[in-house]
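See below for the structure under consideration.
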Amino acid sequence: MGSCSGLCSKFTVEKPIILNVSEIEVVEGALSDEYYHLSAQMSQQVEDKQILRLETGAIYEGELLNGVRHGRGKQIWPDGSYYIGDFVNDKAQGHGKLVNISGNIYEGSWMDDKANGVGKFMSTDGSYYEGEWLNDKQHGFGKEQCSNGSFYEGEFYKGARHGKGKLVTKDGCQYVGTFENGVISGKGTYKWADGKTYEGDFKHGQLWGKGVMRWEDDREYIGEFKEDKRHGFGTYKWNGRKYMGEWLNGQQHGKGVYIREDGQQREGIWQYGIRVRWNDKIQTQQEQETTQN
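So the sequence shown is residues 1 to 293, counted in UniProt numbering.
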């Protein structure tokens, strides 16, 4: 979602032209019932209304101060977008609601014609963001529901997830930890829908660095990762056995120590997931298979 820059940037500095009531009635003719409801509420709060046409073709009806928009008012653009709310010194400022021609909505705090403070942006695709804003962008703490079914709650910085947060995906996966520029990065915990968990370092949205991976069947890997794969040095435990050694792209590769269920240890060499020797002894195929995952 990022920001509502395409929605909120409709405000520009414009030179007003005074109109009569009949002209604004023509423009209002095709607007929604909700617009009329909000417009009626606004009209009850405003006694001395003025009607202006702005240079972009937008029409404003509401309060003025020294010839500029100031107080409660409503503004309609030629494409059917509209804003109803507060103005200060010819700018949207205070509380207001902006609806664009596509039906996307921002309602909340404004300053200097931009979303600033606390507000909610709702898209016609079902996505929304509710929280803090700075200059038309999500900034601070907020909640974001995405059209793909995922939900995020946490910190934002200049329109992107940044800082601490919690992400829940449509398929039941969950991440709690840090984000950088909209991507999972730093330290956190990721839990898959099948119960598998990873706790440790992330980079570019991937398992990258040191961490611990645990499976529902009690398997466990403690060590280094790169690009979502076991890579570097790590310890893997399964069925009472253990491998401590080097990994490459998710497979045992290099020097390692194999520990059996009875505690007996042997050093060996592995290549692409297959043990090729105990020390200097070449292994048979049967012996190789005893240390495969």
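Cβ atoms here follow ideal geometry from the backbone N, Cα and C, with glycine treated the same way.
Among the options, nearest to residue i - alpha-carbon criterion
{"i": "Gly244", "options": "Gly234, Lys137, Gly250", "result": "Here residue 244 is Met; the residue named in the question, Gly, does not match the sequence. Comparing Cα positions, the closest option is Gly234."}
{"i": "Gly256", "options": "Asn279, Gly250, Met122", "result": "Asn279"}
{"i": "Gly57", "options": "Tyr82, Met122, Asn66", "result": "Tyr82"}
{"i": "Gly209", "options": "Glu216, Gly200, Asp217", "result": "Gly200"}
{"i": "Gln75", "options": "Leu65, Asn66, Asp90", "result": "Asp90"}
{"i": "Arg241", "options": "Asp262, Glu130, Asp228", "result": "Asp262"}
{"i": "Gly108", "options": "His253, Val118, Tyr258", "result": "Val118"}
{"i": "Ile101", "options": "Val68, Leu248, Thr124", "result": "Thr124"}
{"i": "Gln251", "options": "Gly154, Val176, Lys226", "result": "Lys226"}
{"i": "Ile269", "options": "Ile259, Tyr258, Arg260, Gly254", "result": "Gly254"}
{"i": "Gly163", "options": "Cys173, Val183, Gln174", "result": "Val183"}
{"i": "Gly67", "options": "Arg53, Trp77, Gly80, Asp79", "result": "Arg53"}
{"i": "Gly232", "options": "Lys143, Trp77, Leu248, Tyr221", "result": "Leu248"}
{"i": "Cys173", "options": "Phe156, Lys191, Phe179", "result": "Lys191"}
{"i": "Tyr128", "options": "Cys146, Gly205, Pro78, Asn135", "result": "Cys146"}
{"i": "Gly223", "options": "Glu246, Asn239, Ile84, Trp215", "result": "Glu246"}
Residue i burial status per 10 Å Cβ neighbour count (16 or more: buried)
{"i": "Lys158", "result": "exposed"}
{"i": "Ile59", "result": "buried"}
{"i": "Glu132", "result": "buried"}
{"i": "Ile24", "result": "Because the pLDDT of Ile24 is 42, which lies under 50, any placement of that residue in the model is unreliable, and the number read from its coordinates should be weighed accordingly. Classification of Ile24: buried, given that the 10 Å Cβ count is 16 or more."}
{"i": "Ile105", "result": "buried"}
{"i": "Gly73", "result": "buried"}
{"i": "Arg275", "result": "buried"}
{"i": "Arg230", "result": "buried"}
{"i": "Gln271", "result": "exposed"}
{"i": "Ala92", "result": "buried"}
{"i": "Leu65", "result": "exposed"}
{"i": "Asn20", "result": "With a pLDDT of 41 at Asn20, under the threshold of 50, the modelled position of that residue is not reliable, and the figure given next carries that caveat. Its Cβ having fewer than 16 others within 10 Å, Asn20 is exposed."}
{"i": "Glu55", "result": "exposed"}
{"i": "His139", "result": "buried"}
{"i": "Tyr103", "result": "The residue you asked about is not Tyr; residue 103 is Gly in the sequence shown. The residue is exposed, with fewer than 16 neighbouring Cβ atoms inside 10 Å."}
Limits of the beta strand (DSSP E) - the one that residue i falls within
{"i": "Thr214", "result": "Per the sequence shown, the amino acid found at residue 214 is Arg instead of Thr. From DSSP, the beta strand (DSSP E) with Arg214 extends over 206-214."}
{"i": "Thr56", "result": "First-last for Thr56: undefined, no H or E at that position."}
{"i": "Arg161", "result": "160-168"}
{"i": "Asp201", "result": "197-203"}
{"i": "Ile76", "result": "68-76"}
{"i": "Thr178", "result": "174-180"}
{"i": "Asn116", "result": "114-122"}
{"i": "Tyr272", "result": "Counting along the chain, Tyr272 falls outside any beta strand (DSSP E), and DSSP gives it neither H nor E."}
{"i": "Lys137", "result": "137-145"}
{"i": "Ser185", "result": "183-191"}
{"i": "Lys255", "result": "251-259"}
{"i": "Gly131", "result": "128-134"}
Does the contact criterion of 3 or more C-beta pairs under 8 Å hold for the region 166-178 versus the region 143-152?
The region 166-178 vs the region 143-152: in contact.
Curious, which full-length beta strand (DSSP E) runs of at least 3 residues does the region 221-245 contain?
Listed in chain order, they are 229-238.
Any chance you could list the beta strand (DSSP E) runs of at least 3 consecutive residues sitting entirely within the region 85-115, in chain order?
Runs of the beta strand (DSSP E) inside the region 85-115: 91-99, 105-111.
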